[in-house]
Amino acid sequence: MTVGAITVLAAVGLTIDTSRPAAPDITPLAEYSPEPPLATTPPPGTDPTTSEKIPEPPVDPGAAHIEPATIPDGPLGIPGIALDAYHRATDRLNAERPTCEMDWTVLAGIGQVESNQGRGLFDVRGDTIGRIVGPRLDGSLPGTAVITDTDGGRFDGDPDFDRAVGPVQFIPSTWATLGRDGNDDGVADPNNIYDGALAAATLLCNQGGSMADPAARTRALLAYNNSLAYVANVNAWAHGYAINAFPLPSDLPEIHRPEPTVEPPRPPEHCPEGWEGEPTAAPEPAEPGEPEPPVPGCTEVTPTTTSPTTEVSATAPSPTTTESSPAAAPAPAPPAIPGLPVIELPCIPPFCVPPPPA
Numbered sequence: 001m002t003v004g005a006i007t008v009l010a011a012v013g014l015t016i017d018t019s020r021p022a023a024p025d026i027t028p029l030a031e032y033s034p035e036p037p038l039a040t041t042p043p044p045g046t047d048p049t050t051s052e053k054i055p056e057p058p059v060d061p062g063a064a065h066i067e068p069a070t071i072p073d074g075p076l077g078i079p080g081i082a083l084d085a086y087h088r089a090t091d092r093l094n095a096e097r098p099t100c101e102m103d104w105t106v107l108a109g110i111g112q113v114e115s116n117q118g119r120g121l122f123d124v125r126g127d128t129i130g131r132i133v134g135p136r137l138d139g140s141l142p143g144t145a146v147i148t149d150t151d152g153g154r155f156d157g158d159p160d161f162d163r164a165v166g167p168v169q170f171i172p173s174t175w176a177t178l179g180r181d182g183n184d185d186g187v188a189d190p191n192n193i194y195d196g197a198l199a200a201a202t203l204l205c206n207q208g209g210s211m212a213d214p215a216a217r218t219r220a221l222l223a224y225n226n227s228l229a230y231v232a233n234v235n236a237w238a239h240g241y242a243i244n245a246f247p248l249p250s251d252l253p254e255i256h257r258p259e260p261t262v263e264p265p266r267p268p269e270h271c272p273e274g275w276e277g278e279p280t281a282a283p284e285p286a287e288p289g290e291p292e293p294p295v296p297g298c299t300e301v302t303p304t305t306t307s308p309t310t311e312v313s314a315t316a317p318s319p320t321t322t323e324s325s326p327a328a329a330p331a332p333a334p335p336a337i338p339g340l341p342v343i344e345l346p347c348i349p350p351f352c353v354p355p356p357p358a
């Protein structure tokens with residue numbers, strides 16, 4: 001952490017615990033290189049002092065179902081993929097505008113205050129698992145402005161009013177001018193930590209001055225969120241990441257604002273192959289090496305088996321069944337004549353049928 005950052009803390013009324021020793025395992029920024037260095041020359045026709053024009057990402061309901069990120073966590077449990085994003089954004093901005101002197105801890109402080117580092121839920125591309133959105137900007141909450149929809153609900157899921165979105169909480173209208181592609185995948189998405197970190201660094205450096213200068217840094221953070229309590233929280237967390245020590249509660253004044261919420265991941269459009277039904281929710285992320293969990297609302301198709309049938313040749317004689325003819329019923333006895341005795345005559349074949357055996 002630079003001296004300038006400590007001065008800012010004092011300027012906003014923070015108390016820093018200088019008795020805590022700096023952790024020896026913090027990697028200096030100059031030595032951090034988890035990936036090949038980014039190009040220091042901006043693309044042709046692009047002014048690095050302004051926003052880049054990046055195509056909007058397509059809506060991909062199944063994007064949240066790829067494997068979660070597994071990069072080891074950084075200081076104070078900061079998600080490894082977020083730490084990588086903050087370092088890459090810092091390297092890129094300092095290459096584009098050396099006078100800005102961006103510090104990765106400032107971006108990490110913003111990510112912590114805005115969304116608690118995206119709740120630690122990122123996939124391997126840096127996309128949040130579940131969309132993080134702020135309150136609806138319809139003026140119904142104290143201190144919130146009225147901002148009607150500017151993105152058709154593409155990023156924030158609200159077709160009527162805008163909502164801050166992503167791990168560093170950009171409003172879609174602001175993202176339209178400042179959105180950047182931080183992971184070089186050809187799209188700029190505020191729900192991606194690499195894109196959000198680079199856009200946040202750009203917004204801060206657009207305010208002019210060096211992030212090592214207390215006044216310039218405070219002015220830049222106020223442009224991000226016009227609240228001295230917000231500035232104090234970001235600076236306290238930035239200092240904490242620099243020395244690998246949690247800020248004291250007294251260093252974190254309350255910020256009076258609604259907290260962002262995390263929406264559940266969107267269900268896929270279709271059930272996987274071999275399954276049927278209508279997906280009702282996204283499956284839980286699978287642990288590395290574990291099989292994919294079933295998609296809620298989908299049932300596995302069970303193959304049906306039928307008993308083999310015996311085909312009869314068209315030329316084969318039809319089977320015949322020999323049935324015995326029932327015995328003829330005995331002839332009815334003639335009606336009795338009243339007053340005469342009944343005489344039973346012997347049966348003389350073949351003129352009569354003997355009675356059935358008893």
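Reminder that position 101 of the sequence shown reads as 101 in the working numbering, one-by-one numbering, no gaps. Virtual Cβ for every residue (Gly too), placed ideally from N, Cα, C.
- Nearest to residue 170 by C-alpha distance, out of 143, 135 and 139, is 135.
- Shortest Cα-Cα distance from residue 153 to any of 164, 87 and 192 involves 164.
- Following the DSSP letters along the chain, one finds residue 276 inside the beta strand (DSSP E) bounded by residues 275-277.
- Excluding its 5 nearest sequence neighbours in each direction, residue 204 has C-beta neighbours in its own chain below 6 Å: 220, listed in chain order.
- If only complete runs of 4 or more residues are kept, the stretch 150-224 shows the alpha helix (DSSP H) at 172-178, 193-205 and 214-224, in order along the chain.
- Below 8 Å, too few C-beta pairs join the stretch 233-240 and the stretch 122-129 to call them touching: fewer than three.
- The C-alpha of residue 188 is placed about 21 Å away from the C-alpha of residue 106.
- Here residue 299 is exposed, its C-beta having fewer than 16 other C-beta atoms within 10 Å.
- Scanning 166, 139, 216 and 172 for the CA closest to the CA of residue 82 turns up 166.
- Non-local C-beta neighbours of residue 175 in its own chain, meaning closer than 6 Å and more than five positions away in sequence, comprise 190, ordered along the chain.
- Distances from the CA of residue 256 to each of 85, 142, 182 and 79 were compared; the closest alpha carbon is that of 142.
- Inter-segment contact for the stretch 96-114 and the stretch 143-152 is absent: fewer than three beta-carbon pairs are separated by less than 8 Å.
- Here residue 244 really is in contact with residue 75; their C-beta atoms are around 4 Å apart, less than 8 Å.
- Only residues of its own chain outside the window of five on either side were considered, and among them none has a CB closer than 7 Å to the CB of residue 184.
- Note on residue 177: under 16 other CB atoms within 10 angstroms of its CB, so exposed under the neighbour-count rule.
- Looking only at 140, 248, 222 and 156, the smallest Cα-Cα distance to residue 128 is reached by 156.
- The closest CA to that of residue 84, considering only 173, 193, 228 and 109, is found on 193.
- In the displayed model, residue 132 falls within a strand according to three-state DSSP.
- Close CB contacts of residue 73 within its chain, under the 7 Å cut and outside five residues either way in sequence, are with 79 and 80 (chain order).
- Ranked by Cα distance from residue 160, the options 144, 137, 168 and 182 are led by 137.
- Looking at the DSSP output, residue 146 shares a beta bridge with 138.
- Contact check for residue 118 and residue 238: beta-carbon distance about 17 Å, past the 8 Å limit, so the pair fails to qualify.
- The DSSP-derived three-state label of residue 101 is coil.
- For residue 132, the closest alpha carbon among the candidates 144, 223, 139 and 114 is that of 114.
- According to the DSSP assignment, residue 300 belongs to the beta strand (DSSP E) that extends over 298-300.
- The beta carbon of residue 99 sits closer than 7 Å to the beta carbons of 210 from its chain, once the five residues preceding and following it are set aside; these are given in chain order.
- A buried status is given to residue 94, since no fewer than 16 other beta-carbon atoms sit within 10 Å of its beta-carbon.
- A buried status is given to residue 247, since no fewer than 16 other beta-carbon atoms sit within 10 Å of its beta-carbon.
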